[in-house]
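Asker: Heads up, the sequence shown is in the numbering used here, so the first residue is 98 and it goes up one at a time.
The beta-carbon is built from N, C-alpha and C at its ideal position, and this holds for glycine as well.
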Amino acid sequence: MNWKGAVFVDLEKEFDRVPHELIWYSLRDHHVPEPLIDVVRTLYTDAHSQVQTTVGKSKPFPIQVGVHQGSALSALIFILVMDAITRDLHTEPPWTLLYADDVMLTTKTKAELQDLLTIWHVRFLEILEKIQRFFIVF
Numbered sequence: 098m099n100w101k102g103a104v105f106v107d108l109e110k111e112f113d114r115v116p117h118e119l120i121w122y123s124l125r126d127h128h129v130p131e132p133l134i135d136v137v138r139t140l141y142t143d144a145h146s147q148v149q150t151t152v153g154k155s156k157p158f159p160i161q162v163g164v165h166q167g168s169a170l171s172a173l174i175f176i177l178v179m180d181a182i183t184r185d186l187h188t189e190p191p192w193t194l195l196y197a198d199d200v201m202l203t204t205k206t207k208a209e210l211q212d213l214l215t216i217w218h219v220r221f222l223e224i225l226e227k228i229q230r231f232f233i234v235f
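(1) Going by alpha carbons, who is nearest to K110 out of D198, R138, L222, V148?
(2) What are the start and end residues of the beta strand (DSSP E) that includes F105?
(3) Apply the 10 Å Cβ neighbour rule to T142 and answer buried if 16 or more other Cβ atoms are within range, or exposed otherwise.
(4) So what's V129 in DSSP terms, helix, strand or just coil?
(5) Reducing DSSP to helix, strand and coil, say where H218 ends up.
(6) Alpha carbon to alpha carbon, what distance is there between L119 and T193?
(7) Please classify K207: does DSSP put it in a helix, a strand, or coil?
(8) What residues match up with H145 in a beta bridge as DSSP calls it?
As structure tokens, then:
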């Protein structure tokens with residue numbers, strides 16, 4: 098291997114933070130036919146959840162963001178979202194690897210790795226800012 102720098106990033110909590118509008122955008126960005134997007138949208142429309150505790154179940158509460166936990170489709174949706182918002186950041190080999198909520202960045206030098214990590218960090222800060230503005234508006 099000719100790479101000298103590598104970093105693994107775990108985006109474990111990001112599944113819960115994906116705005117549904119970003120899901121629809123990402124599906125369109127990957128040329129998913131609109132009728133299929135409508136099918137996925139029905140899975141998220143008026144979705145509610147409950148929490149089971151030792152003293153019983155909570156009252157149902159709406160799920161307004163995030164991909165569904167435990168759904169086989171959720172990992173694919175999250176990958177499509179990640180690809181859509183980071184496509185311009187992907188690098189030539191060595192490579193950038195996206196898998197579910199994990200990212201691996203590799204470079205030929207440690208200095209390049211630090212630069213790349215900074216670029217990714219800035220991108221995620223931009224996305225978080227847009228998400229926060231989304232919730233302030235709605």
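Answerer: Looking at the atomic coordinates:
(1) D198
(2) 102 to 107
(3) exposed
(4) coil
(5) helix
(6) 22 Å
(7) helix
(8) P159
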